[in-house]
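Remember, our numbering sits 22 above the position in the sequence shown when you count from 1. For each residue, glycine too, the CB sits at the ideal point set by N, CA and C. Right, one structure below, let's go through it.
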Amino acid sequence: MGCHCSKLTSCCFISEHNGPVHEANHAENEEKGEISDIPAFREFSIEQLRMATSGFAVENIVSEHGEKAPNVVYKGKLENQRRIAVKRFNRSAWPDPRQFMEEAKAVGQLRNCRLANLLGCCCEGDERLLVAEFMPNETLAKHLFHWETQPMKWAMRLRVALYLAQALEYCTSKGRALYHDLNAYRIVFDDEGNPRLSCFGLMKNSRDGKSYSTNLAFTPPEYLRTGRVTPESVIYSFGTLLLDLLSGKHIPPSHALDLIKDRNLQMLTDSCLEGQFSNDDGTELVRLASRCLQYEPRERPNPKSLVAALIPLQKETEVPSHELMGIPHSGEAPSLSALGEACLRMDLTAMHEILEKLGYKDDEGAATELSFQMWTNQMQDTLTSKKKGDAAFRHKDFKVAIECYTQFVDVGTMVSPTLFARRSLSYLMNDMPQEALDDAVQAQVISPVWHIASYLQAAALFALGRENEAQIALKEGSILEEKKNATS
Numbered sequence: 023m024g025c026h027c028s029k030l031t032s033c034c035f036i037s038e039h040n041g042p043v044h045e046a047n048h049a050e051n052e053e054k055g056e057i058s059d060i061p062a063f064r065e066f067s068i069e070q071l072r073m074a075t076s077g078f079a080v081e082n083i084v085s086e087h088g089e090k091a092p093n094v095v096y097k098g099k100l101e102n103q104r105r106i107a108v109k110r111f112n113r114s115a116w117p118d119p120r121q122f123m124e125e126a127k128a129v130g131q132l133r134n135c136r137l138a139n140l141l142g143c144c145c146e147g148d149e150r151l152l153v154a155e156f157m158p159n160e161t162l163a164k165h166l167f168h169w170e171t172q173p174m175k176w177a178m179r180l181r182v183a184l185y186l187a188q189a190l191e192y193c194t195s196k197g198r199a200l201y202h203d204l205n206a207y208r209i210v211f212d213d214e215g216n217p218r219l220s221c222f223g224l225m226k227n228s229r230d231g232k233s234y235s236t237n238l239a240f241t242p243p244e245y246l247r248t249g250r251v252t253p254e255s256v257i258y259s260f261g262t263l264l265l266d267l268l269s270g271k272h273i274p275p276s277h278a279l280d281l282i283k284d285r286n287l288q289m290l291t292d293s294c295l296e297g298q299f300s301n302d303d304g305t306e307l308v309r310l311a312s313r314c315l316q317y318e319p320r321e322r323p324n325p326k327s328l329v330a331a332l333i334p335l336q337k338e339t340e341v342p343s344h345e346l347m348g349i350p351h352s353g354e355a356p357s358l359s360a361l362g363e364a365c366l367r368m369d370l371t372a373m374h375e376i377l378e379k380l381g382y383k384d385d386e387g388a389a390t391e392l393s394f395q396m397w398t399n400q401m402q403d404t405l406t407s408k409k410k411g412d413a414a415f416r417h418k419d420f421k422v423a424i425e426c427y428t429q430f431v432d433v434g435t436m437v438s439p440t441l442f443a444r445r446s447l448s449y450l451m452n453d454m455p456q457e458a459l460d461d462a463v464q465a466q467v468i469s470p471v472w473h474i475a476s477y478l479q480a481a482a483l484f485a486l487g488r489e490n491e492a493q494i495a496l497k498e499g500s501i502l503e504e505k506k507n508a509t510s
């Protein structure tokens with residue numbers, strides 16, 4: 023994630039090479055803002071994605087309508103700590119596996135810093151899933167329509183429009199001019215606060231016959247007539263997004279055009295933007311939106327001309343997006359709690375004291391209940407092994423703790439994230455970092471938003487010498503802990 027692009031130039035595609043890349047080519051790619059740090063498209067197994075999303079946990083759903091959506095998007099994390107977004111289609115969406123794979127591979131060749139790029143897919147049995155870069159800073163709809171701390175600034179709204187136009191220009195240049203249901207939920211913000219276009223809209227469900235899930239008042243007129251999406255239809259949708267950016271509301275194009283015709287621009291402009299732009303700039307954006315919303319498709323501009331029109335309008339181009347958005351910068355060191363600091367220092371003694379003091383408080387709602395059938399001698403033996411493990415953990419006899427906790431886990435009658443966390447630390451105490459990492463991951467599978475699981479993953483990754491991945495896990499733990507403290 024974190025590619026670096028020039029402020030106002032388009033980002034270009036860079037192919038992956040097996041051999042060394044000539045230094046001159048590398049310098050040229052840097053100048054163009056091309057991406058070279060995104061892995062090549064690959065196929066994932068359903069088990070890999072199940073593990074990455076903690077079993078497709080409800081807590082990891084990030085799509086607009088939650089689990090009620092026909093196709094659900096989850097956030098997840100791969101073994102190498104790369105964060106991903108996983109779109110799981112309903113079973114009838116892609117009946118032809120070959121068609122799904124062909125479409126996914128084609129979109130997966132695109133690599134651009136204006137896109138949330140497609141990293142891979144899964145096609146096993148009836149399962150159809152897409153895997154993309156995860157963008158952690160919400161959608162345009164959230165920042166524009168449902169903001170909490172500050173409304174989006176004019177300079178940032180203009181930047182969104184330009185970056186989106188650049189994304190469409192890039193896709194068009196690569197033969198992918200069609201984008202299905204372009205709206206404010208399709209624009210997501212990366213670690214740096216830069217807007218990106220979701221790659222998911224570049225693939226349409228083969229069977230549902232819908233390219234627009236939004237209200238018919240916002241669909242291109244030719245789509246209502248023919249049911250087909252054309253490159254010009256995408257430009258129409260871009261025009262509706264310009265209206266969103268200008269007004270801060272989702273105004274039907276017909277109503278907006280009436281306001282424009284009557285020169286009632288004040289009714290069209292977000293009151294939060296008062297004093298942030300000149301009449302000339304506002305008029306120019308309205309004029310551009312009007313061109314995009316022309317009834318006749320051939321009268322609408324193409325992406326290249328959109329980019330050319332938007333570049334001169336840009337403001338505060340030297341101010342980073344995260345500052346304009348008022349969101350934390352990915353480069354800033356996270357504020358760490360005592361446990362986070364202990365993991366960073368690899369202070370295993372301090373980590374032990376904190377986990378021992380915490381006990382099993384965080385298991386509430388996460389650990390599974392014992393079934394009625396387990397009220398037997400076997401259950402008693404199982405609980406005894408757990409108690410012995412806890413006693414050994416308390417007295418720092420970590421080898422015995424591992425043995426007793428393993429007996430408890432192997433019976434499989436009860437699942438406890440805290441127990442896996444304790445065994446993870448016990449493994450670290452015995453210089454077994456890979457086993458420690460496995461247990462920390464398992465704790466997060468059971469409790470997806472538990473910060474301690476992320477912290478322990480960081481400690482294990484530090485012990486394995488995987489510094490970059492450890493820092494990512496540490497930051498993730500800090501974010502989860504901050505969210506937990508904010509709601510408690």
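By the neighbour-count criterion, in which a residue is buried when 16 or more other Cβ atoms sit within 10 angstroms of its Cβ, A360 is exposed.
Distance check between T75 and each of Y382, I349, D412, I106 places I106 closest, using alpha-carbon atoms only. In this structure, N93 keeps its C-beta atom at 8 Å or more from the C-beta atom of A126. DSSP, read as helix, strand or coil, puts V471 in coil. Contact between the region 176-190 and the region 140-159 is absent: fewer than 3 CB-CB pairs across the two stretches fall below 8 Å. Ranked by how close their Cα comes to the Cα of A128, the residues N82, F111, A79, G197 have G197 in first place. The straight-line gap separating the alpha-carbon atoms of T509 and D213 is approximately 23 Å. Comparing C-alpha distances from G411 to each of L405, K418, C426 shows the shortest one belongs to C426.
Judged by DSSP in its simplified three-state form, C145 adopts strand. When secondary structure is reduced to three states using DSSP, I68 falls in the helix class. Between the C-alpha atoms of E498 and Q464 there is a straight-line separation of about 16 Å. Around the beta carbon of V108, 16 or more other beta carbons lie within 10 angstroms, which makes this residue buried. In the DSSP annotation of this structure, G197 is not part of any alpha helix (DSSP H), being labelled neither H nor E.
Three or more beta-carbon pairs separated by less than 8 Å link the region 206-220 to the region 334-351, which places the two stretches in contact. Under the DSSP assignment, S327 falls in the alpha helix (DSSP H) whose first and last residues are 325-332.
Looking at the DSSP output, T161 bridges to V210. Excluding five sequence positions before and after D303, the CB atoms of its chain that fall closer than 7 Å to its own CB belong to L335, given in chain order. Rounded to whole angstroms, the separation of the alpha carbons of L246 and L238 is 8 Å. Boundaries cannot be given for L100, as no alpha helix (DSSP H) includes it and DSSP labels it neither H nor E. Here the region 159-178 does not lie against the region 321-334, with fewer than 3 beta-carbon pairs under 8 Å apart. Shortest Cα-Cα distance from L137 to any of E101, Y201, Y449, F299 involves Y201. When secondary structure is reduced to three states using DSSP, K175 falls in the coil class, being assigned neither helix nor strand. One alpha carbon belongs to A62, the other to A154, and they sit about 12 Å apart.
Between the alpha carbons of R120 and E65 lies a gap of roughly 13 Å. Cβ-Cβ separation between D461 and S446: approximately 4 Å, consistent with a contact (criterion under 8 Å). Within the DSSP secondary-structure output, S220 pairs in a beta bridge with A138.
Counting along the chain, no alpha helix (DSSP H) covers Q336, and no H or E run does either. According to the DSSP assignment, I83 belongs to no alpha helix (DSSP H), since it is labelled neither H nor E. Here A443 is near L377, since their CB atoms are less than 8 Å apart. In the DSSP assignment, D280 falls within the alpha helix (DSSP H) that extends over 275-283.
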